[in-house]
Ligand SMILES: Cc1ncc(COP(=O)(O)O)c(C=O)c1O
């Protein structure tokens, strides 16, 4: 339950500096204008030109054959897993990845798919030997290992591309398919000044969220080979996720892709500045090596954590996470907001 429910309005227009997530952004006037003016049709008949344009654009950007528009990143991951695996088959997935921890085990509940957790290090990486060691032998005692599911960024950390590529290639050499949860893959691309297609080239399917740093109110796109995406379209229908004149949302995604990708570097710069300043407050226990994109984690003493959140809240600043407080920078957070926030932390710790 939202710890702020019933308290002050958190509508983003009430002066709050909201660091809970990059999902809290409100669409700009121009984005809403794009939604009002876009051509529409019934997407279940494949007749929404705005959705079709988004699917084609994302597939081209990621270097894949086809794309499928979905309402959320969770459904995009779920249809991907349902498309790769059947009942009794298994996905190898990092133990701190969203698919394993935060998607209600949809693939297991709805698809009879087993999830095998792989140990992740501090920066969210899985190890090649662990992946290879987790692939089950082909005998009747074991689930059939079918898919490796990776994530980038993980808790804001950019994954080492050479290592990621080596792991993906090794998995494929052993007959597995590879899915990449790239909810924030644009952040990873911008942070490395890389082409997003290069980050995705060894993955069969990729899920990208447009509702996070890109700023759309909703929308994700799954991309991959045409036959698999066609099958995923059937999975989306099965889950009740086929929508009608949904170009109104796809237009926001298209607008975000056209206008909000390069600006992610400003989010990263602001996060670095915030991290560097808060690092000076030793009680916050910040690991600056983990501040790589738009996300950072605080480690205050447990007896301070609640009082800190409450103090910040009185200053109209909201941070996320309970046990591990988190701060995420996004397009609705300005440099002045960062300065005000640093001051509030210093005041709390009388620093
Ligand atoms: C890494 C990752 N994957 C997937 C998702 C799911 O996205 P959604 O909230 O749109 O279902 C999230 C959401 O925060 C995420 O952080």
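Numbering (this note's numbering), first residue to last: 97 to 447. Every residue, glycine too, gets a C-beta built ideally from N, C-alpha and C.
Please confirm whether residue 279 and residue 150 have their CB atoms less than 7 Å apart.
Along the chain shown, one-based indexing puts residue 279 at 183. Along the chain shown, one-based indexing puts residue 150 at 54. Not in contact: residue 279 and residue 150 (Cβ atoms no closer than 7 Å).
Does any heavy atom of ligand 1 sit closer than 6 Å to the C-beta of residue 290?
The count along the chain shown starts at 1 and reaches residue 290 at position 194. False, no ligand heavy atom lies under 6 Å from that Cβ.
What did DSSP end up calling residue 301 once you bin it into helix, strand or coil?
Walking along the chain shown from the start, residue 301 turns up at place 205. Here residue 301 sits in strand by DSSP.
Do residue 341 and residue 166 have their CB atoms nearer than 7 Å?
Here residue 341 refers to the residue found at position 245 when the chain shown is read from its first residue. Here residue 166 refers to the residue found at position 70 when the chain shown is read from its first residue. Between residue 341 and residue 166, the C-beta spacing is not below 7 Å.
Let me make sure I understand the geometry here. Which of 190, 258, 308 has the alpha-carbon closest to that of residue 245?
Counted from its first residue, the chain shown places residue 245 at position 149. Residue 190 is the option with its Cα nearest to residue 245.
Suppose you measure from the CA of residue 144 to the CA of residue 343; what does that come to, to the nearest Å?
Here residue 144 refers to the residue found at position 48 when the chain shown is read from its first residue. Here residue 343 refers to the residue found at position 247 when the chain shown is read from its first residue. Using only the alpha carbons, I get a separation of about 6 Å.
Taking the alpha-carbon of residue 297 as reference, which of 425, 181, 260 has the nearest alpha-carbon?
Your numbering for residue 297 matches position 201 in the chain shown. It is 260 whose Cα lies nearest to the Cα of residue 297.
Between residue 210 and ligand 1, is the CB less than 6 Å from at least one heavy atom?
As a working mapping, residue 210 is identified with position 114 in the chain shown. In this structure, the C-beta of residue 210 stays at least 6 Å away from each heavy atom of ligand 1.
Please identify the residue among 237, 241, 230, 337 whose C-alpha is closest to the C-alpha of residue 140.
Within the chain shown, residue 140 is the residue found at index 44, counting from 1. Comparing alpha carbon positions, the residue from 237, 241, 230, 337 closest to residue 140 is 337.
Near residue 417, what residues of its chain come up, given a Cβ to Cβ distance below 7 Å and the 5 sequence neighbours on each side ignored?
Here residue 417 refers to the residue found at position 321 when the chain shown is read from its first residue. There are no such residues.
Would you identify the three-state DSSP class for residue 319, choosing helix, strand or coil?
Your numbering for residue 319 matches position 223 in the chain shown. In the structure shown, residue 319 sits in a strand (DSSP, three-state: E or B).
Contact set for residue 147: own chain, Cβ-Cβ below 7 Å, skip 5 residues either direction
Within the chain shown, numbered from 1, the residue matching residue 147 stands at position 51. Cβ neighbours of residue 147 beyond the five flanking positions: 139, 165, 342, 343, 346.
Beta-carbon proximity list for residue 250, same chain, < 6 Å, skipping 5 on both sides
Within the chain shown, numbered from 1, the residue matching residue 250 stands at position 154. The answer, listed in chain order, is 220.
What do you reckon, is the C-beta of residue 277 under 6 Å from a heavy atom of ligand 1?
Sequence index remark: in the chain shown, residue 277 carries index 181 (1-based). Answer for residue 277: yes, Cβ within range of ligand 1.
Taking only the alpha-carbon atoms, compute the straight-line gap between residue 431 and residue 366 and give it to the nearest angstrom.
As a working mapping, residue 431 is identified with position 335 in the chain shown. As a working mapping, residue 366 is identified with position 270 in the chain shown. So the alpha carbons of these two residues sit roughly 7 Å apart.
Please list the terminal residues of the continuous beta strand (DSSP E) segment that includes residue 246.
On the chain shown, residue 246 is found 150 positions in, with the first residue counted as 1. Note, residue 246: beta strand (DSSP E), 240 to 247.
Examine ligand 1 and report whether any of its heavy atoms sits within less than 6 Å of the Cβ of residue 245.
Residue numbering aside, residue 245 sits at position 149 when the chain shown is read from its first letter. No; taking the cut-off as 6 Å, the Cβ of residue 245 has no heavy atom of ligand 1 nearer than that.
Excluding the 5 residues flanking residue 400 on each side, which residues of the same chain have their C-beta closer than 8 Å to its C-beta?
Mapped onto the chain shown, residue 400 falls at position 304. So the qualifying residues of the chain are 379.
Between residue 168 and ligand 1, is the CB less than 6 Å from at least one heavy atom?
Walking along the chain shown from the start, residue 168 turns up at place 72. At least one heavy atom of ligand 1 is nearer than 6 Å to the Cβ of residue 168, so yes.
Taking just the CA atoms, how far does residue 447 sit from residue 474?
The shown model of the chain, from 97 to 447, leaves out residue 474, and the question about it has no answer.
Do you know how far the Cα of residue 362 is from the Cα of residue 173?
Translated into positions along the chain shown, residue 173 becomes position 77. Translated into positions along the chain shown, residue 362 becomes position 266. Residue 173 and residue 362: Cα-Cα distance of roughly 28 Å.
Helix, strand or coil for residue 277 per DSSP?
Here residue 277 refers to the residue found at position 181 when the chain shown is read from its first residue. Correct three-state label for residue 277: strand.
Tell me the residue span of the alpha helix (DSSP H) that contains residue 147.
Counting from 1 along the chain shown, the entry for residue 147 is found at position 51. Residue 147 -> alpha helix (DSSP H) spans 145 to 158.
Just to confirm, does residue 194 get its C-beta within under 6 Å of one of the non-hydrogen atoms of ligand 1?
Along the chain shown, one-based indexing puts residue 194 at 98. For ligand 1, at least one heavy atom lies less than 6 Å from the Cβ of residue 194.
Bridge partners of residue 386, per DSSP?
Locating residue 386 in the chain shown gives position 290, counting from the first residue. The beta-bridge partner set that DSSP reports for residue 386 is empty.
Contact belief for residue 240 with residue 185 at Cβ below 8 Å, rounded distance in angstroms:
For the purposes of this step, residue 240 is taken as residue 144 along the chain shown, with counting starting at 1. For the purposes of this step, residue 185 is taken as residue 89 along the chain shown, with counting starting at 1. Confirmed, Cβ separation roughly 5 Å.
What do you get for residue 236, buried or exposed, if any count of 16 or more other CB atoms within 10 angstroms of its CB means buried?
As a position in the chain shown, residue 236 is number 140, starting the count at 1. It counts as exposed.
Go ahead and pull the three-state DSSP assignment for residue 170.
Your numbering for residue 170 matches position 74 in the chain shown. In the structure shown, the three-state DSSP call for residue 170 is helix.
Residue 177 beta carbon less than 7 Å from that of residue 228:
Against the chain shown, residue 228 aligns to sequence position 132. Against the chain shown, residue 177 aligns to sequence position 81. No. Outside cutoff.
Please name the residue, chosen from 293, 356, 360, that lies closest to residue 154 on a Cα-to-Cα basis.
By one-based count along the chain shown, residue 154 stands at place 58. Of 293, 356, 360, the residue nearest in Cα terms is 293.
Between residue 127 and residue 409, which are expected to be in contact by the criterion C-beta below 8 Å, what is the C-beta distance as a whole number of angstroms?
As a working note, residue 127 is residue 31 in the chain shown. As a working note, residue 409 is residue 313 in the chain shown. About 28 Å separates the CB atoms of residue 127 and residue 409; that is not less than 8 Å, and the two are not in contact.
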